[in-house]
Amino acid sequence: MFQRISKSRSLEATSIILGSTLQIGDCSYIDGTVHALAVQRRSEILYERDDDFSDYKIFSRPLTLPIITEPIQMRFNHLCPFIETGNIYINAISTSSVAGLGNVGHIRMKSKIHHTRQLSDTEMKNKPGSTKKAE
1 MFQRISKSRS LEATSIILGS TLQIGDCSYI DGTVHALAVQ RRSEILYERD
51 DDFSDYKIFS RPLTLPIITE PIQMRFNHLC PFIETGNIYI NAISTSSVAG
101 LGNVGHIRMK SKIHHTRQLS DTEMKNKPGS TKKAE
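Quick note, the sequence shown lines up with residues 1 to 135 if you use full-length UniProt numbering.
Shown next, in the form of structure tokens:
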């Protein structure tokens, strides 16, 4: 699997969050998973238990991967054993992503996010198409 050598003068990453990977060097497998609840509300109140992953079916559904049916043929001719870069600057790596410097055999990254927008009673009454009227 490992047939090339990666070289870089420098690498700078500002932010790496939510199940992401910065891989420097060779590895066989990277497997990253993120389950997140994204709740939008105007209130600044944080509740101890807003929601739980078990409240939403999306987090219990199995991952469905596409089936590759067409044949894949690859041929490589590595004239130079090195892959060289200068300086690498990464602003952010987020939500089950990979930034890699080196060889990786297999990568599997999974991200499931449930977005919820919570509106106050006043916002619901003023919402376009709402049958409720503001008092």
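Think of the CB as a built atom: it goes at the ideal place given N, C-alpha and C, for glycine as much as any other residue.
query = If you check the beta carbons only, do I88 and S28 fall under 8 Å apart?
reply = Locating residue 88 in the sequence shown gives position 88, where the first residue counts as 1. Locating residue 28 in the sequence shown gives position 28, where the first residue counts as 1. The answer is no: Cβ separation not under 8 Å.
message = Can you tell me where the beta strand (DSSP E) holding C80 begins and where it ends?
response = The residue given as residue 80 occupies position 80 in the sequence shown. Premise fails: C80 is in no beta strand (DSSP E) and is neither H nor E.
Residue environment, A134, which counts as buried when at least 16 other CB atoms sit within 10 Å = Working through the sequence shown from its first residue, we reach residue 134 at position 134. Here the model assigns A134 a pLDDT of 48, short of 50, so the residue's position is not dependable and the matter cannot be decided.
query = Would DSSP call I30 helix, strand or coil?
reply = As a first step, residue 30 must be located in the sequence shown, where it is residue number 30. Here I30 sits in strand by DSSP.
task = Ignore the nearest five residues each way along the sequence and tell me which others in D51's own chain have a CB closer than 6 Å to its CB.
result = One-based indexing of the sequence shown puts residue 51 at position 51. Result list for D51: L37, in chain order.
key: Helix, strand or coil at E15 according to DSSP, with G and I counted as helix   = Mapped onto the sequence shown, residue 15 falls at position 15. The sequence given here places Ser at residue 15; Glu does not occur at that position. S15: strand per DSSP, three-state reduction.
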